[in-house]
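K.L.:
Please find one structure pasted underneath; my questions will follow.
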């Protein structure tokens with residue numbers, strides 16, 4: 002069983018360092034940017050020793066096969082042994098054992114916020130936008146961030162849920178149902194991709210570019226123009242770390258300008274995404290829900306399944322329309338525990354259909370009678386209903 006790791010700093014906050022980023026699966030001493038004494042030393046917390054992972058992987062988390070021309074190109078990119086990047090390899094952090102595991106010391110009342118990826122990831126930028134003075138805690142995987150909140154290692158988690166270009170982050174929709182966390186806010190981030198390279202390198206020298214698959218896809222036009230090999234990695238900021246550590250002058254990376262500052266890379270091109278309006282929406286998750294009010298605009302998120310029958314989805318949506326409640330998001334996901342529903346008809350025989358979960362965001366507070374009546378009416382058609390969160394929309398950043 003694979004372990005989920007969280008990187009936390011027991012020495013001091015990491016609020017001044019760096020649609021979805023996925024973290025590198027390796028332990029790295031993040032003292033880079035060529036200023037080795039300013040950054041904290043990170044420790045690796047293995048969450049699987051506290052809470053056994055009781056889920057199975059879904060399609061979304063399977064790594065994509067790198068789009069490379071030869072196996073030699075893959076070897077060149079994956080050969081990320083530090084050559085001058087770390088002065089002493091013995092300083093690399095070691096994974097803690099079950100007997101070593103303990104929460105890191107709290108720094109007063111400072112909010113500790115988990116995000117997925119390495120320092121410099123867009124998730125960290127979203128966390129700092131929501132909580133400018135927070136201590137950010139990088140996590141390898143989305144689920145590790147969920148567990149970090151559940152196990153009281155952090156106070157909040159900020160995770161992507163949808164992109165204006167790439168669409169919904171299905172993995173996080175599934176995790177919302179599997180974990181008992183509450184949505185308490187959202188962050189909307191404008192994502193500007195940059196082409197980064199080692200100091201002194203020109204864009205014409207690049208033969209390959211590393212980044213998260215979505216970042217590569219969102220910058221298709223410039224990569225096609227450059228004629229480079231595209232190599233998929235788990236994280237944009239992690240790709241920046243790989244290029245900085247490898248010293249390969251013909252390797253570039255697509256990441257944020259913040260990642261360039263952290264890992265000592267030069268910005269070769271800015272805003273290289275195909276679509277200028279590239280916005281990612283992040284959810285803020287916490288252990289306890291916010292008590293809703295009626296003095297400010299609110300948004301409520303729910304998930305439900307429907308009983309079998311004609312027009313059931315129409316009836317479910319009508320409970321909101323009849324009360325003048327605006328829906329801002331509808332997402333459907335097949336149920337994994339019971340993906341197929343068998344329907345028997347005496348005249349036509351039996352048939353099998355996918356059984357779906359429906360995620361809905363609507364503009365109303367759970368403190369309003371119209372929202373309460375709408376959900377009570379929805380229960381007449383739903384076999385399962387859960388409120389994921391309710392929060393003030395004017396507090397969204």
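Numbering (the working numbering), first residue to last: 2 to 398.
Don't be surprised by glycine CBs; every beta carbon is placed ideally from N, CA and C.
Does residue 200 come out as helix, strand or coil in the three-state DSSP assignment?
P.N.:
coil
K.L.:
Measuring alpha carbon to alpha carbon, tell me which of 197, 378, 243 and 150 ends up nearest residue 288.
P.N.:
150
K.L.:
From residue 117 to residue 137, what does the alpha carbon distance come to, in whole angstroms?
P.N.:
Between the C-alpha atoms of residue 117 and residue 137 there is a straight-line separation of about 10 Å.
K.L.:
Along the chain, where does the beta strand (DSSP E) containing residue 333 start, and where does it finish?
P.N.:
328 to 335
K.L.:
Leaving out five residues on either side along the sequence, give the residues of the same chain with a beta carbon under 6 Å from the beta carbon of residue 330.
P.N.:
The residues are 362.
K.L.:
Taking the CB atoms as reference points, tell me whether residue 211 and residue 248 lie closer together than 8 Å.
P.N.:
no
K.L.:
Which value, in whole angstroms, describes the spacing of the CA atoms of residue 189 and residue 204?
P.N.:
Whole-angstrom Cα-Cα distance: 31 Å.
K.L.:
If you draw a straight line from the alpha carbon of residue 359 to that of residue 240, how long is it in whole angstroms?
P.N.:
35 Å
K.L.:
Can you list, in chain order, the residues of its chain whose CB lies under 6 Å from that of residue 158, leaving out five sequence neighbours each side?
P.N.:
115, 146, 150 and 286
K.L.:
May I have a chain-ordered list of the alpha helix (DSSP H) segments no shorter than 4 residues that lie completely inside the segment 143 to 189?
P.N.:
143 to 151 and 171 to 179
K.L.:
Could you check what DSSP says for residue 299 in three-state terms: helix, strand or coil?
P.N.:
strand
K.L.:
Quick check on the DSSP output: what are the complete beta strand (DSSP E) runs of length 3 or more inside the segment 227 to 278, in order along the chain?
P.N.:
When DSSP assignments are scanned along the segment 227 to 278, the uninterrupted stretches of beta strand (DSSP E) that are 3 or more residues long and fall wholly within it turn out to be 230 to 233, 252 to 256 and 267 to 271.
K.L.:
For the alpha helix (DSSP H) containing residue 321, list its first residue and its last residue.
P.N.:
313 to 322
K.L.:
What residue range is occupied by the uninterrupted beta strand (DSSP E) comprising residue 117?
P.N.:
113 to 117
K.L.:
Whole angstroms are fine: how far does the CA of residue 163 sit from the CA of residue 177?
P.N.:
13 Å
K.L.:
For residue 390, does the three-state DSSP call read helix, strand or coil?
P.N.:
strand
K.L.:
In the DSSP assignment, the beta strand (DSSP E) including residue 286 goes from what residue to what residue?
P.N.:
280 to 287
K.L.:
Could you check the C-alpha separation between residue 130 and residue 312 for me, to the nearest Å?
P.N.:
42 Å
K.L.:
Taking DSSP's pairing of strands, which residues face residue 358 in a bridge?
P.N.:
334
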